[in-house]
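Heads up, the sequence shown is in the working numbering, so the first residue is 2 and it goes up one at a time. Okay, so here's the structure we're looking at.
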Amino acid sequence: MNTIFSDRIADVPRSFIREILKVSLDRSVISFAGGLPNRDLFPAEEIKRATSRVFELYGNDIFQYSNSEGDLKLRQYIANRYKEKKGLEINPEHILITNGAQQGLDLIGKTLVNEGEGVIIEEPGYLGAIQAFSIFRPRFLPLAVSEDGVDLAGLKAIAASEKAKLMYTVPNFQNPSGITYSEQNRREIVDILAGKNTFLIEDDPYGELRFAGTPKTPFAALMPAQTILLGSFSKIVVPGFRVGWIVAPEHIFNKLLVAKQASDLHTCHFTQYIIHQYLLDNDIDAHIAKIVAAYGGQCRRMLACIDRYFPADVSSTRPEGGMFLWGRLPGTMTSLDLFNLAVKEKVIFVPGDPFYTTGIKSPAFRLNFSCVDETTIETGIERLGKAIRLLAK
Ligand SMILES: Cc1ncc(COP(=O)(O)O)c(C=O)c1O
């Protein structure tokens, strides 16, 4: 059949999560399916004040077209923060402000991926990355992740075949699994990839949301010439402004900039200025500490409830930060079957299937803990425990 659609878009999976969210419109349903930061923690008053200040300081200039790289003051702030928090030396001229980290993925795909080229993707992996890269029709090379990082034997085999152009990673509090790559796993990845023609994408929107354990060394420190680092204000300030960034080596940066110009000329100038003003006038560390305390409490409560209400043979990851954890059903049970029973018990989550590029029927599932208060977490996990027992019958 003739179609008006490009081949490029035909192969891109629809966002499964959007479909699930329809069910969550029913207010009696408890949703662990979303992936949103907690709206009660948005610094609304501070942003209001920052907005007024931006008007006072810049007048009509803030409504003008601007440069594609992004506001240099904001890029300088980001570079300074990397230095202060992680000891990373980053040239602000190599930071490209984007419409969220999500646009960073699209620009990287445009800049680096030809049809049929290999992209290593974590399994399970971030849905938005699977979607963003699918547009460029790569050959996905799935690589399993477990509690301490990626499958190193699998990576060695892929690296030996020289087929991977990119390796996409979320090394801190991964979406969807909540796992963090250990120091050892990171160093072995670097040993395997260093000097090869594979760029590592370090997507790190959750890195500052650590509520347990100790920070790990970023790939941008271990292998700077081969790493493209993505960051975002979505999880530490607000997602709706759509301000994120890419840090890339100069020759890659220059091409990403061309892709950015072709896409949208520049990221909204006004929201960049507001975020920068907000950062200047407020204590962002204190704000992040508030988010971390809330999410840490919610995660601990969810884990305690899992221990209490789930059958003992259902396993789960124990995240040290971020917004998600990953459960796994025993035997031949599938998370899609569980989903159908759970909806009847008025609780939902995201089944594991869409986080894989290989079309499997997954026994695993993602639970979000950032958006649900602790009492509701207790009720929701109790309901889910009941659904699991029904499925096991
Ligand atoms: C791993 C990962 N990368 C990127 C994004 C997109 O972030 P942004 O809002 O900065 O576009 C998300 C959002 O949930 C994410 O989980």
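Ideal Cβ placement from N, Cα and C applies to all residues, glycine included.
Check, Outcome
"Runs of alpha helix (DSSP H) wholly within the segment 42-96 (minimum 4 residues, chain order)", "45-59 and 73-87"
"Of the residues Leu128, Gln104, Tyr59 and Phe137, the one placed nearest Ala11, counting alpha carbons only", "Phe137"
"Simplified DSSP state of Thr268, which is helix, strand or coil", "coil"
"Collapsed DSSP secondary structure at Gly232 in the structure displayed", "strand"
"Cross-strand partners of Gly143 (DSSP beta bridge)", "The residue asked about is misnamed: residue 143 is Pro in this sequence, not Gly. Answer by DSSP bridge pairing, in chain order: Ile122."
"Minimum C-alpha distance to Asn92 - residue among Thr380, Tyr83 and Leu231", "Tyr83"
"Range of the contiguous alpha helix (DSSP H) that encloses Asp338", "Ser336 to Lys345"
"First through last residue of the alpha helix (DSSP H) which encompasses Ile247", "First-last for Ile247: Gly245 to Val248, but that is the beta strand (DSSP E), not the alpha helix (DSSP H)."
"Selection from Ser7, Phe271, Val293 and Phe311 that minimises the alpha carbon distance to Gly60", "Phe271"
"Check whether Ile349 and Ser25 have beta carbons under 7 Å apart", "yes"
"Local conformation of Lys394 per DSSP, three classes", "coil"
"Cβ pair Ile79, Ile96 closer than 7 Å", "yes"
"Residues that Gly196 bridges to, as DSSP identifies them", "Per DSSP, none; premise fails for Gly196."
"Gly245: CB within 6 Å of a non-hydrogen atom of ligand 1", "yes"
"Tyr182 and Gly150 closer than 7 Å at C-beta", "yes"
"Through-space distance from Asn198 to Thr165, alpha-carbon basis", "For the record, residue 165 in the displayed sequence is Ala; it is not Thr. Going by the C-alpha atoms only, they are around 8 Å apart."
"Length-filtered (4 minimum) alpha helix (DSSP H) runs lying within the segment 129-192", "153-162"
"From Val244, Val248, Ser233 and Ile237, residue whose alpha carbon lies closest to that of Ala222", "Val248"
"Arg444, enclosing beta strand (DSSP E) - first and last residue", "Residue 444 is absent from the structure shown; the chain starts at 2 and stops at 394."
"C-beta contact flag for Pro355 and Leu142 at 7 Å", "no"
"Per-residue burial, Glu321 [other beta carbons within 10 Å of its own, 16 or more giving buried]", "buried"
"Contact test: Gly322 Cβ vs ligand 1 heavy atom, cutoff 6 Å", "no"
"Limits of the unbroken beta strand (DSSP E) element including Leu326", "Phe325 to Arg329"
"Cβ-based neighbour list, Leu210, same chain, cut-off 8 Å, excluding 5 preceding and 5 following", "Phe174, Lys236, Ile237, Ile289, Ile292, Val293, Tyr296, Gly322, Gly323 and Met324"
"Runs of alpha helix (DSSP H) lying entirely within the segment 290-323, each at least 4 residues, in chain order", "none"
"Proximity test, Ala249 beta-carbon vs ligand 1 heavy atom, cut-off 6 Å", "no"
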